[in-house]
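Counting from 1, one number per residue, gives the positions in the sequence shown under UniProt numbering. Each residue gets a CB set at the ideal place from its N, CA and C atoms; glycine is no exception. What follows is a set of notes on a single structure, which appears directly below.
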Amino acid sequence: MLLLVAAFTAGATSAWASPAAPMRSSPTPGPLPCPSPGGPKPTVVLVHGAWADTSSWNGEVDALRRAGYVARAVANPLRNLTSDAATVADFLKTVPGPIVLVGHSYGGSVITNAAAGLPNVKALVYVDAAAPDVGETTGQLSGPGSALNANPDSLYDKVPYPGAPQGAADLYLKQNVFVHSFASDLPQDTAVRLWASQRAASTSAFTTPSKAAAWKTIPSWYFISTGDRIITPASELSMAHRARSKITQFQGGSHLTLISHPDAVTSVIGSAICSVR
Numbered sequence: 001m002l003l004l005v006a007a008f009t010a011g012a013t014s015a016w017a018s019p020a021a022p023m024r025s026s027p028t029p030g031p032l033p034c035p036s037p038g039g040p041k042p043t044v045v046l047v048h049g050a051w052a053d054t055s056s057w058n059g060e061v062d063a064l065r066r067a068g069y070v071a072r073a074v075a076n077p078l079r080n081l082t083s084d085a086a087t088v089a090d091f092l093k094t095v096p097g098p099i100v101l102v103g104h105s106y107g108g109s110v111i112t113n114a115a116a117g118l119p120n121v122k123a124l125v126y127v128d129a130a131a132p133d134v135g136e137t138t139g140q141l142s143g144p145g146s147a148l149n150a151n152p153d154s155l156y157d158k159v160p161y162p163g164a165p166q167g168a169a170d171l172y173l174k175q176n177v178f179v180h181s182f183a184s185d186l187p188q189d190t191a192v193r194l195w196a197s198q199r200a201a202s203t204s205a206f207t208t209p210s211k212a213a214a215w216k217t218i219p220s221w222y223f224i225s226t227g228d229r230i231i232t233p234a235s236e237l238s239m240a241h242r243a244r245s246k247i248t249q250f251q252g253g254s255h256l257t258l259i260s261h262p263d264a265v266t267s268v269i270g271s272a273i274c275s276v277r
């Protein structure tokens, strides 16, 4: 049975499970007040994915701040899953009190590893994201039908970088792929601007096996855009069921629904916040 989730906030601006788990339809804007908290408010830490930067979370950060929460979008190095997760984990260790940890795309793999062994991370939120098990790589999880399954020469501009492991290179998405598959629900001029300002991601980010699976012990929420062409909705749904996540399916969107519909994403983050006691 589909349950309607009220949005955590309205008017946010955009910018750069088991099978029995509850399934939810696209959120409807409106307030979602939490019951009286039994302890300190959690800090929300947001981790961006590949070919993006912290500004992709601007809408969510603004909405969360208006609701009275501390929200921090932190830089993801996009070098290697193990070292990227260690970088985020080091930041998390500086945050007092409970944390709701949110990851988009490859950032989902990062939070899956970064949260392991950190008792103050109380909830994980996956936004059109990968949630690997131990030994899986992010590159394995895009799913059949993903735009990323095409010939790599048609997908990426490959650039060497200093200190790269043997065979590794930086990848930039080609304009056609970025505009029509990655950011397919954004206005074309916005998508082109984001393509022009994308951050490169190392091939090592996608080929490094996951060393942890924090979703096995930490409650999780999963936001799935049905219009995602990068990590397919079917792949995300499979990972969400495996993690026993609380699932929200957003009708439409793209891989960048966090930019085009930050209110819907913030609603799911709000549900995770309200679970923290």
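What residue does the alpha helix (DSSP H) around residue i start on, and which one ends it?
i	result
SER235	233-242
TYR106	106-114
VAL88	81-92
ASP157	Run containing ASP157: none in the alpha helix (DSSP H); it sits in the beta strand (DSSP E), 156-159.
THR266	262-275
LEU64	58-66
Does the Cβ of residue i have 16 or more other Cβ atoms within 10 Å, making it buried, or fewer, making it exposed?
i	result
ALA191	buried
ALA196	exposed
VAL268	buried
ALA150	exposed
PRO262	buried
PRO119	exposed
ASP189	exposed
LEU90	According to the sequence as given, residue 90 is Asp; it is not Leu. Exposed, because fewer than 16 other Cβ atoms sit within 10 Å of the Cβ of ASP90.
ARG79	buried
PRO98	buried
GLN198	buried
ARG277	exposed
Per DSSP, residue i is paired with what?
i	result
GLN249	ILE224
ILE99	THR43 and VAL121
ALA75	Note: ALA75 sits in no beta bridge, so no partner.
SER202	ASP170
Are the beta-carbon atoms belonging to residue i and residue j less than 8 angstroms from one another?
i	j	result
PHE223	PHE250	yes
TYR161	ASP153	no
VAL74	THR54	yes
LEU155	VAL177	yes
SER56	ILE273	no
SER146	THR232	yes
TYR126	GLY103	yes
SER271	ARG229	no
ALA131	THR112	yes
GLY163	SER235	no
SER254	SER225	yes
ASN76	VAL95	no
GLY117	PRO209	no
LEU148	TRP51	no
LEU101	ALA71	no
LEU92	VAL121	yes
SER138	ALA205	The sequence given here places Thr at residue 138; Ser does not occur at that position. A contact, by the Cβ cut-off of 8 angstroms.
LEU124	ILE218	yes
Output the boundary residues of the beta strand (DSSP E) element that contains residue i.
i	result
ALA123	121-127
Does the ligand SAH have a heavy atom nearer than 7 angstroms to the CB of residue i?
i	result
ILE99	Among the components of this structure there are no ligands whatsoever, and the ligand SAH is therefore not found.
Contiguous beta strand (DSSP E) assignments of at least 3 residues, all confined to the segment 162-192: 170-173
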